[in-house]
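Participant: This is the structure I want to talk about, given as structure tokens.
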Amino acid sequence: MKYFSKFLTLAAASIFATAAFAQDDLHDAIDAGDLATAKTLVKKGKFEDVYCGKLTPSEAVEVYEKVFKKNPEESFANCPTQFAYGYGVQACSNRKAVDACNEVISLLLLDAETGNTKAIDALENVIRAALRVKEFAKPVKMMADTSFWVPCPKKGKARTECMEECLDQARKMNDAAREETCEKKPERFVEDTSFLVPRPSPLYENLRKGLVDGYWKSPKNVAHRYATMLQNSARALSLPDSVVINDAYLENWADKHKADGTPLPGSQLFRFCASWQPKIDEMLATKGFETRCPVFEEFTDPRDGQKYKVREIGGKKWFVQNLNFVMKGASNCYDREDENCEIYGRLYTQGAAIEACPEGTHLSTDEDWKALETLAGGASVAAEKLRSNGGDDYAFTALFGGYANKSMNSVIQGEGAYFWTEKRLSDGRGLARSMFNTENAVTSMPVEKEFWLSVRCVVNDK
Numbered sequence: 008m009k010y011f012s013k014f015l016t017l018a019a020a021s022i023f024a025t026a027a028f029a030q031d032d033l034h035d036a037i038d039a040g041d042l043a044t045a046k047t048l049v050k051k052g053k054f055e056d057v058y059c060g061k062l063t064p065s066e067a068v069e070v071y072e073k074v075f076k077k078n079p080e081e082s083f084a085n086c087p088t089q090f091a092y093g094y095g096v097q098a099c100s101n102r103k104a105v106d107a108c109n110e111v112i113s114l115l116l117l118d119a120e121t122g123n124t125k126a127i128d129a130l131e132n133v134i135r136a137a138l139r140v141k142e143f144a145k146p147v148k149m150m151a152d153t154s155f156w157v158p159c160p161k162k163g164k165a166r167t168e169c170m171e172e173c174l175d176q177a178r179k180m181n182d183a184a185r186e187e188t189c190e191k192k193p194e195r196f197v198e199d200t201s202f203l204v205p206r207p208s209p210l211y212e213n214l215r216k217g218l219v220d221g222y223w224k225s226p227k228n229v230a231h232r233y234a235t236m237l238q239n240s241a242r243a244l245s246l247p248d249s250v251v252i253n254d255a256y257l258e259n260w261a262d263k264h265k266a267d268g269t270p271l272p273g274s275q276l277f278r279f280c281a282s283w284q285p286k287i288d289e290m291l292a293t294k295g296f297e298t299r300c301p302v303f304e305e306f307t308d309p310r311d312g313q314k315y316k317v318r319e320i321g322g323k324k325w326f327v328q329n330l331n332f333v334m335k336g337a338s339n340c341y342d343r344e345d346e347n348c349e350i351y352g353r354l355y356t357q358g359a360a361i362e363a364c365p366e367g368t369h370l371s372t373d374e375d376w377k378a379l380e381t382l383a384g385g386a387s388v389a390a391e392k393l394r395s396n397g398g399d400d401y402a403f404t405a406l407f408g409g410y411a412n413k414s415m416n417s418v419i420q421g422e423g424a425y426f427w428t429e430k431r432l433s434d435g436r437g438l439a440r441s442m443f444n445t446e447n448a449v450t451s452m453p454v455e456k457e458f459w460l461s462v463r464c465v466v467n468d469k
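Quick note, the working numbering runs 7 ahead of the 1-based positions in the sequence shown.
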């Protein structure tokens, strides 16, 4: 028996080692980009866990499609991005994969809110699929704890005991009104009772909140995509008219401010203008408002033909978009993804930033920023009036493009905006400005000059 147990132990260890080696083989194949070997290992079941490494979404589906279908929750947990972008529609078409679908929606909502158009495209497709599955709309039953009063028996000893309990509980709770009813209409207090109660579909609740929040928090240039999703989903999600951004919403918004005699909030107006101009100006004129959508000049970079919106703010003509001019070896996209450059512009080292702005313009200086901050109420509160998800009173539209360190590791996109100034500090660093999506301050800060930050140009004074 002793030798038999030892044999089982050795056999188990051998099996474990074989599985571990197989998992290592899968990791090696995927890391090397050897999809053929990876597919063979997965097909033969020679792996323990789903591993995607740097696979693209389509490559991950090519390797793991059957695994994704069979174990959607586990697959999402191990490969969230690849699963969401590559298999999200299939998961949200499967009535048994509601949890995985909800996770996919959460990830895409988060990515889309930063202005990522690939995420918005994927989100639109996933929503269409999910709203076709009737099971996803059903309420779910969840345990709830509650306490309540129930009537006492109508007669006998049980009623007398119940009346005494009623009085005792009412006194403990200092409930004088309840105490007065304990003789004529006595009730027993039932505490901490658990029972099932219906709750709205978590997936539908996620979509309702995510789409509304996304419209107001996303960069203005993609807000119209959210408006369309809200309109298309309104009936299925039972959205109230008060949150669906359409012509009727705009009319009611303007009428309310007209009736109240209040100014039109700049952040809301500019967001509407970005989606529906010239319709907005026509509506405002019809209703007797003097306010109009902001007017932008246009600057064409002669080097590559890219066009930038320019707006006069406090006597300075600022680019109200981040620069996106390619400087080989000295500029880059966040995460090296071209999509990010299209949304947030390019990231530059300070040396490159000083040279990057087109002829007739310059990298925004420390003095340019100080004047802007003063106009916006001071550095401690200026970000609320400058950031794209704040008041954006001057249509400056600061986007949260994040930054990259010396090793080009990109961080905090969607949370922080960092801009170079021309100022070099005595310690070898450069001066930059930063602001965050939940804070009101614009911060002046020293940054290693080899870090990669965004650039705003200012037109030279004539």
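Here a beta-carbon is modelled for each residue, glycine too, at the ideal position from N, C-alpha and C.
Spatial neighbours of Val-219 within its chain, please: CB distance less than 6 Å, with the 5 preceding and 5 following residues excluded, ordered by chain position.
Facilitator: What you label residue 219 is simply residue 212 of the sequence shown in a count that begins at 1. So the qualifying residues of the chain are Val-250.
Participant: From the DSSP output, in three-state form, read off Ser-113 for me.
Facilitator: Reading the sequence shown from its first residue, position 106 is the one you call residue 113. It is helical.
Participant: Could you check the C-alpha separation between Gln-357 and Asn-331 for me, to the nearest Å?
Facilitator: As a position in the sequence shown, residue 357 is number 350, starting the count at 1. As a position in the sequence shown, residue 331 is number 324, starting the count at 1. In a straight line, the C-alpha of Gln-357 is about 15 Å away from that of Asn-331.
Participant: On the CB-based measure, 16 or more other CB atoms within 10 Å of its CB, does Gly-336 come out buried or exposed?
Facilitator: Translated into the one-based positions of the sequence shown, residue 336 becomes position 329. Exposed, by the Cβ-count rule.
Participant: In the structure shown, what three-state DSSP assignment does Glu-72 receive?
Facilitator: If you number the sequence shown from 1, residue 72 lands on position 65. Looking at Glu-72 - three-state DSSP - the assignment turns out to be helix.
Participant: Please work out which residues of its chain come closer than 6 Å, Cβ to Cβ, to Pro-193, disregarding the five sequence neighbours upstream and downstream, and give them in chain order.
Facilitator: Taking the sequence shown and counting its residues from 1, the one referred to as residue 193 is at position 186. Answer for Pro-193: Cys-159, Cys-169, Met-170, Cys-173, listed in chain order.
Participant: When you compare each of Glu-366, Met-290, Asn-253 to Asp-308 by their alpha carbons, which one comes out closest?
Facilitator: In the sequence shown, the residue the question calls residue 308 occupies position 301. Selected option, being the one with the closest Cα: Glu-366.
Participant: Which residues does DSSP list as the beta-bridge partners of Thr-450?
Facilitator: Along the sequence shown, one-based indexing puts residue 450 at 443. Per DSSP, Ser-441.
Participant: I need the straight-line Cα distance from Cys-280 to Gly-273, nearest angstrom please.
Facilitator: Reading the sequence shown from its first residue, position 273 is the one you call residue 280. Reading the sequence shown from its first residue, position 266 is the one you call residue 273. Roughly 10 Å separates the two Cα atoms.
Participant: For Glu-194, which beta-bridge partners are listed by DSSP?
Facilitator: Position 187 of the sequence shown holds residue 194. For Glu-194, which the question treats as bridged, DSSP gives the partners Pro-158.
Participant: Contact defined as beta carbons within less than 8 Å: I believe Leu-460 pairs with Leu-354. What is the distance between those atoms, to the nearest angstrom?
Facilitator: Walking along the sequence shown from the start, residue 460 turns up at place 453. Walking along the sequence shown from the start, residue 354 turns up at place 347. That belief holds up - the Cβ atoms of Leu-460 and Leu-354 are roughly 6 Å apart, short of 8 Å.
Participant: Could I get the ranges of all uninterrupted alpha helix (DSSP H) runs contained in the segment 207 to 293, with 4 residues as the minimum, in chain order?
Facilitator: Entirely contained in the segment 207 to 293, the alpha helix (DSSP H) runs reaching 4 residues are, in chain order, 209 to 224, 230 to 244, 254 to 267, 273 to 283, 286 to 293.
Participant: Just mark Tyr-167 as buried or exposed, buried being the case when its beta carbon has 16 or more other beta carbons within 10 Å.
Facilitator: For the purposes of this step, residue 167 is taken as residue 160 along the sequence shown, with counting starting at 1. Here residue 167 is Thr; the residue named in the question, Tyr, does not match the sequence. Answer is exposed; the Cβ neighbour count stays below 16.
Participant: Can you tell me where the alpha helix (DSSP H) with Lys-46 in it begins and where it stops?
Facilitator: Indexing the sequence shown from 1 puts residue 46 at position 39. That run of the alpha helix (DSSP H) goes 42 to 50.
Participant: Whose C-beta lies closer than 7 Å to the C-beta of Arg-278 among residues of the same chain, with five residues either side of it excluded?
Facilitator: Sequence index remark: in the sequence shown, residue 278 carries index 271 (1-based). So the qualifying residues of the chain are Lys-227, Ala-230.
Participant: Quick check for students: name the residue ranges of the alpha helix (DSSP H) that lie wholly in the segment 313 to 382, counting only runs of 4 or more.
Facilitator: Counting whole runs of 4 or more residues, the segment 313 to 382 contains the alpha helix (DSSP H) stretches 345 to 351, 357 to 363, 373 to 382.
Participant: Secondary structure at Lys-430, three-state DSSP: helix, strand or coil?
Facilitator: One-based indexing of the sequence shown puts residue 430 at position 423. Strand.
Participant: Would you mind stating whether Val-74 and Ala-136 have Cβ atoms separated by less than 9 Å?
Facilitator: As a working mapping, residue 74 is identified with position 67 in the sequence shown. As a working mapping, residue 136 is identified with position 129 in the sequence shown. Contact flag unset, no.
Participant: From the DSSP secondary-structure annotation, give me the bridge partner or partners of Ala-424.
Facilitator: Locating residue 424 in the sequence shown gives position 417, counting from the first residue. DSSP, once it has assigned bridges, lists Gly-409, Met-442 as partnering Ala-424.
Participant: Please state whether the Cβ-Cβ distance between Leu-393 and Val-462 is less than 9 Å.
Facilitator: One-based indexing of the sequence shown puts residue 393 at position 386. One-based indexing of the sequence shown puts residue 462 at position 455. Contact flag unset, no.
Participant: Excluding the five sequence neighbours on either side, which residues of its own chain have a C-beta within less than 8 Å of the C-beta of Ser-441, listed in chain order?
Facilitator: Here residue 441 corresponds to residue number 434 of the sequence shown, with the count starting at 1. Hits under 8 Å: Gly-423, Ala-424, Tyr-425, Phe-426, Val-449, Thr-450, Met-452.
Participant: Please return the same chain residues whose Cβ sits closer than 7 Å to the Cβ of Asp-323, not counting the five positions on each side in sequence.
Facilitator: On the sequence shown, position 316 is the one that residue 323 refers to. Here residue 323 is Lys; the residue named in the question, Asp, does not match the sequence. Closer than 7 Å at Cβ, skipping near neighbours: Asp-375, Ala-378, Val-465.
Participant: Out of curiosity, what's the CA-to-CA distance linking Thr-121 and Asp-175?
Facilitator: On the sequence shown, position 114 is the one that residue 121 refers to. On the sequence shown, position 168 is the one that residue 175 refers to. If I take the Cα positions, the gap works out to 57 Å.
Participant: Tell me the rounded alpha-carbon separation between Arg-181 and Pro-247.
Facilitator: Locating residue 181 in the sequence shown gives position 174, counting from the first residue. Locating residue 247 in the sequence shown gives position 240, counting from the first residue. Here the sequence assigns Asn to residue 181, which means Arg is not the residue at that position. Rounded to the nearest angstrom, the two C-alpha atoms are 41 Å apart.
Participant: Does the beta-carbon of Glu-297 have 16 or more other beta-carbons within 10 angstroms, so that it is buried, or is it exposed?
Facilitator: As a position in the sequence shown, residue 297 is number 290, starting the count at 1. Glu-297 is exposed by the Cβ-count criterion.
Participant: Could you tell me the alpha carbon to alpha carbon distance between Tyr-256 and Tyr-233, rounded to whole angstroms?
Facilitator: Here residue 256 is taken as the residue at index 249 of the sequence shown, counted from 1. Here residue 233 is taken as the residue at index 226 of the sequence shown, counted from 1. If I take the Cα positions, the gap works out to 14 Å.
Participant: What number of angstroms, rounded off, separates the C-alpha of Tyr-211 from the C-alpha of Ala-144?
Facilitator: The residue labelled residue 211 in the question sits at position 204 within the sequence shown. The residue labelled residue 144 in the question sits at position 137 within the sequence shown. Their backbone Cα atoms lie some 7 Å apart in a straight line.
Participant: Using a Cβ-Cβ cutoff of less than 6 Å, which residues in the same chain neighbour Cys-59 once the five nearest sequence positions on both sides are dropped?
Facilitator: Walking along the sequence shown from the start, residue 59 turns up at place 52. Taken in chain order, the residues that qualify are Ala-67, Cys-86, Gln-89.
Participant: So, for Glu-455: in the same chain, excluding its five sequence neighbours on each side, which residues have a beta-carbon less than 7 Å away from its beta-carbon?
Facilitator: Locating residue 455 in the sequence shown gives position 448, counting from the first residue. Taken in chain order, the residues that qualify are Lys-413, Arg-436.
Participant: Starting from Phe-83, follow the alpha helix (DSSP H) in both directions and report where the run begins and ends.
Facilitator: Within the sequence shown, numbered from 1, the residue matching residue 83 stands at position 76. It spans 79 to 85 - the alpha helix (DSSP H) in which Phe-83 sits, taken as one unbroken run.
Participant: Roughly how many angstroms lie between the CA atoms of Leu-214 and Ile-37, to the nearest whole one?
Facilitator: Taking the sequence shown and counting its residues from 1, one reaches residue 214 at position 207. Taking the sequence shown and counting its residues from 1, one reaches residue 37 at position 30. One C-alpha to the other measures close to 34 Å.
Participant: Quick one: Cα of Asp-468 to Cα of Ile-361, how far?
Facilitator: As a position in the sequence shown, residue 468 is number 461, starting the count at 1. As a position in the sequence shown, residue 361 is number 354, starting the count at 1. So the two alpha carbons sit approximately 17 Å from each other.
Participant: Starting from Phe-306 and walking both ways along the beta strand (DSSP E), at which residues does that stretch end?
Facilitator: Working through the sequence shown from its first residue, we reach residue 306 at position 299. That run of the beta strand (DSSP E) goes 304 to 307.
Participant: Hey, would you say Lys-216 sits closer than 9 Å to Asn-444, going by beta carbons?
Facilitator: The residue labelled residue 216 in the question sits at position 209 within the sequence shown. The residue labelled residue 444 in the question sits at position 437 within the sequence shown. In this structure, Asn-444 does not lie closer than 9 Å to Lys-216 by Cβ.
Participant: Work out the CA separation of Asp-262 and Gly-409 for me, nearest whole Å.
Facilitator: Within the sequence shown, numbered from 1, the residue matching residue 409 stands at position 402. Within the sequence shown, numbered from 1, the residue matching residue 262 stands at position 255. When rounded, the distance between both Cα atoms is 38 Å.
Participant: Just the C-alpha distance for Leu-438 and Trp-325, rounded to the nearest angstrom, thanks.
Facilitator: In the sequence shown, counting from the first residue as 1, residue 438 sits at position 431. In the sequence shown, counting from the first residue as 1, residue 325 sits at position 318. If I take the Cα positions, the gap works out to 19 Å.
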